[in-house]
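So the number in the numbering used here is just where the residue sits in the sequence shown, counting from 1, plus 531. Everything below concerns the one structure shown next.
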Amino acid sequence: MIIIQKYGGTSLGSKQRIKSLKNIIKRYKNSNIKIIIVLSAMSGETNKMMNLAKYFSYKSNKELDCLLCIGEQISISIFSIFLNSIKIKSKPLTSNQIGLITNYNYSNARILLIKNFFLLKKILKKNKIPILAGFQGITFSGNFTTLGRGGSDTTAIAIAAYLKAKECQIYTDVDSIFLSDPRICKNLKIKFSTFECMLELSSLGSKVLYVRSVELARKYNINIRVLSSFKKNEGSYISYKKKFSNSMERCLISGLTHSNNEVKITILNTPNIPGIASKIIGPIVSNNILIDMIIQNANANSEFTNFSFLIETKFLKKTIFLIKKHILSKLGGIIIYQNNISKISIVGIGLRSHNEIISKIMFCMSKEKINIINISTSETKISFLIKNNKIIFAIKSLYNIFNQNNMFRRNGRVA
């Protein structure tokens, strides 16, 4: 039986924290369970290297990726030295050694295959613990790449899939996934979640697990357990398996999440012609810019239309450039944008068919005198936009009313 353990930067943030991890690893020393460890860079190391590259005005993500891969290699070397010093045999391995092949999309590469995964089994047979560098891969031509945000989680899940591991344990600085941001609300822990609900939470702002790793786990049915590296606890479990309660058709909310780094872009008075949406969206998505909450409204005479959508703040400059180049210069129109806005999302199953959810959202926003900029609904989420300075009031109000009405999923109950 194999278990994959991934430790994030905060778990490796100091010599004392690294030493404390021996208690977790020793639990499996005399058992039939074999462990493989995937590490991120030590806390702060990636930022140091990024700042160094910015000082010299780096132009290519190819060279940047080669630099950033050093952080994980430092982690696996130090951690392996530590384990061997306490008589636990281990071997550090880079992405090159295990043959973790990616595409050529530097800084946000996608995993294509793992060529030498049999090497890990060989090391396990020698009763050694493989210590793998997360976050990094190599191209077919041998260049280093990085996997983007949450890349070490993605590495761990990919290894678990190839080796058919029992589960992938993600160790972090929090002891579980929460129903809402614990910095805003003292709230309930999520002990169990399905992949579908976790995908929505991750894509809408929950920062414990990144959406790519959850997508991969769902695709290959890899159970995930989120745990704290600082204290012993059960953590949160993500799986296909469902638990049932006596509230069979009652609507239960899986989580309440938010994102602060949103910009709403609107293109006014563009021609209302077939294919206009494709002409606007095509150049943006082809540049790996994620968009959300697309709205198209034709004017009264139907000759022109207004087109709006949501992007992350970091893509604003590039998106405006693309719109001016591909749309405004050819078809006309006016571009405006609204920043300093937040997106709040309520996640659950069958939300659109339960009117009381929308009703309570509207009541809370009215009570707090908060204006809703946009709102969108689906079967699994309700998302709306508000001003950044109202986010804490909105989250607290929503959490309180849903909790008072016992509408949160607790201990894995499924509606």
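Positions of the beta carbon are idealized from the N, C-alpha and C atoms, including for glycine. A quick note: this is a predicted structure, and the numbers were derived from the prediction, not measured.
The region 845-863 makes no contact with the region 926-940; the number of CB pairs closer than 8 Å stays below 3.
If you draw a 10 Å sphere on the C-beta of VAL757, you find 16 or more other C-beta atoms in it, and that means buried. At a Cβ-Cβ threshold of 7 Å, ILE601 and LYS553 do not count as neighbours. Its Cα nearest to that of LEU598, the residue MET581 stands out among PHE610, LYS590, SER588, MET581. Beta-bridge annotation (DSSP): ILE566 is paired with ILE534. Here the C-alpha atom of GLU910 lies approximately 42 Å from the C-alpha atom of ARG548.
In this structure, the beta-carbon distance from ILE632 to LEU624 does not fall below 7 Å. Close CB contacts of ASN647 within its chain, under the 6 Å cut and outside five residues either way in sequence, are with ILE629, GLY630 (chain order). Counting along the chain, the unbroken alpha helix (DSSP H) around ASP596 starts and ends at 592-616. Of the residues assessed, TYR768 falls on the buried side of the cut-off, its CB having 16 or more other CB atoms within 10 angstroms. Within the same chain, and ignoring the five residues on either side of THR850 in sequence, the residues whose Cβ sits closer than 7 Å to its Cβ are ILE796, ILE815, ILE820, ILE842. VAL739 carries a coil assignment under DSSP once its states are collapsed to helix, strand and coil. At least 7 Å separates the beta-carbon of ASN803 from that of PHE840.
Here LYS537 is near SER683, since their CB atoms are less than 7 Å apart.
Using a C-beta cut-off of 8 Å, the region 677-695 makes contact with the region 661-668, since at least three inter-stretch Cβ pairs fall below that distance. Per the C-alpha coordinates, the member of VAL878, ILE798, ALA829, ILE535 positioned closest to PHE852 is ILE798. Spatial neighbours of SER928 in its own chain (CB-CB distance under 6 Å, excluding positions within 5 residues in sequence) are listed in chain order as CYS895, GLU899. Between the region 804-813 and the region 721-732, the count of Cβ pairs shorter than 8 Å is below three; the stretches do not touch. The secondary-structure analysis by DSSP pairs LYS622 across a beta bridge with PRO661. Under the DSSP assignment, PRO802 falls in the beta strand (DSSP E) whose first and last residues are 784-802.
By the neighbour-count definition (other C-beta atoms within 10 Å, threshold 16), TYR771 is an exposed residue. LEU847 has its alpha-carbon roughly 14 Å from the corresponding atom of ASN791.
Runs of the alpha helix (DSSP H) lying entirely within the region 813-849, each at least 4 residues long, are absent. Rounded to the nearest angstrom, the Cβ distance from LYS593 to TYR559 is 39 Å, too far for a contact under 8 Å.
Excluding five sequence positions before and after TYR635, the CB atoms of its chain that fall closer than 7 Å to its own CB belong to THR670, given in chain order. Around GLU731, the same chain offers VAL878, THR911, LYS912 as residues with beta carbons nearer than 7 Å, after the five sequence neighbours per side are excluded. Listed in chain order, the alpha helix (DSSP H) runs fully inside the region 701-774 are 726-734, 742-751, counting runs of at least 4 residues.
By the neighbour-count criterion, in which 16 or more other beta carbons inside 10 Å mark a residue as buried, GLY673 falls on the exposed side.
Ranking SER562, TYR751, VAL569 by CA distance to the CA of PHE610 puts VAL569 first. Rounded to the nearest whole angstrom, the CA to CA distance from ILE690 to PHE933 is 39 Å. Residue state for SER588 is assigned as coil, using DSSP reduced to three classes.
Going by DSSP, LYS874 is part of the beta strand (DSSP E) stretching over 865-879.
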